[in-house]
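Under this note's numbering, the residues of the sequence shown are numbered 38 to 225, in order. Scroll down for the structure; my scribbles are underneath it.
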Amino acid sequence: MIAADSLREDQPRLALTGITKRFGAVLALDRVDFEVYPGEVVALVGDNGAGKSTLTKIIAGVYQVSEGTIAFEGRPVRIGSPEAATALGIATVYQDLALCDNLDVVANLFLGREQASGLPGGLRSLSEEEMERRTREVLHGLSVKIPSVRHPVCGARSLSCWTSRPPRWAWSRRPWCWGSSASCASGG
Ligand SMILES: Nc1ncnc2c1ncn2[C@@H]1O[C@H](COP(=O)(O)OP(=O)(O)OP(=O)(O)O)[C@@H](O)[C@H]1O
Ligand SMILES: [Mg+2]
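Dropping the structure here:
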């Protein structure tokens, strides 16, 4: 990946060109161009059914384009899965509360991305202490104070996109979206 500070300010970090998405006979996106430049906060607005969620899910790797190209930090990419988006540093905060109420903050934060170390025989052991340390670090960085990261979350707002690798892009349906070194964009 190209280092963020070596990117030219006049070059889009993320560029989608001619994006078309069909769901059977439904044309959800028709040759959409969309760019985000370094340091920009971009709001994606449109009528109901305009295609905001579809475009967001394409960037998040949930949907694949029918036609069109995506470039990230100046090079063509195929965002074939949510994991591929995460690997690029793209995070998505969905409007619904994607939390497991019965799990604690640490388990929610690392859901699906649990850190583990290898054991003899091919077994893997969860790195609970490391995940807890990282959780405290993330919460501290966000000035979030809670009694214990080991309490079940029971309705707290999702932080699950912010785990061991801080995203360079964060998408949110809501205006409280947050980002790291780069931008936040509102979609939904
Ligand atoms: N999985 C799907 N299968 C078929 N059609 C779909 C699917 N997802 C979205 N669509 C259609 O694609 C179009 C764009 O929908 P999308 O949900 O992206 O719009 P939106 O801008 O997010 O709308 P809203 O403001 O209501 O959230 C709509 O006509 C919708 O019915
Ligand atoms: Mg939507």
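Heads up, the beta-carbon is just placed ideally off N, CA and C, and yes, glycines get one too.
For this session: Taking only heavy atoms of ligand 1 into account, decide whether any of them is closer than 7 Å to the Cβ of Thr91.
Result: yes
For this session: Count the C-beta pairs between the stretch 152-166 and the stretch 115-134 that are closer than 8 Å, then say yes if the count reaches three, no if not.
Result: no
For this session: Pick helix, strand or coil for Ser90, following the three-state DSSP scheme.
Result: helix
For this session: Verify whether the separation of the beta carbon atoms of Asp138 and Val175 is less than 8 Å.
Result: no
Problem set entry | Cβ-heavy atom distance, Phe71 to ligand 1, below 7 Å | no
Problem set entry | Collapsed DSSP secondary structure at Ile96 in the structure displayed | helix
Problem set entry | Outcome for Gly98 when other beta-carbon atoms lying within 10 angstroms are tallied against a minimum of 16 | buried
For this session: Take the Cβ of Pro157 as the centre, count every other Cβ of all protein chains shown within 10 Å, and call the residue buried at 16 or more, exposed below.
Result: exposed
Problem set entry | C-beta atoms of Val186 and Val130 nearer than 8 Å | no
Exercise. Should Ala80 be counted as a contact of ligand 1 given a C-beta to heavy atom distance under 7 Å?
Worked result: no
For this session: Determine, using beta carbons only, whether Thr54 and Ser103 come nearer to each other than 8 Å.
Result: no
For this session: Check whether the Cβ of Gly155 lies closer than 7 Å to any heavy atom of ligand 1, and answer yes or no.
Result: no
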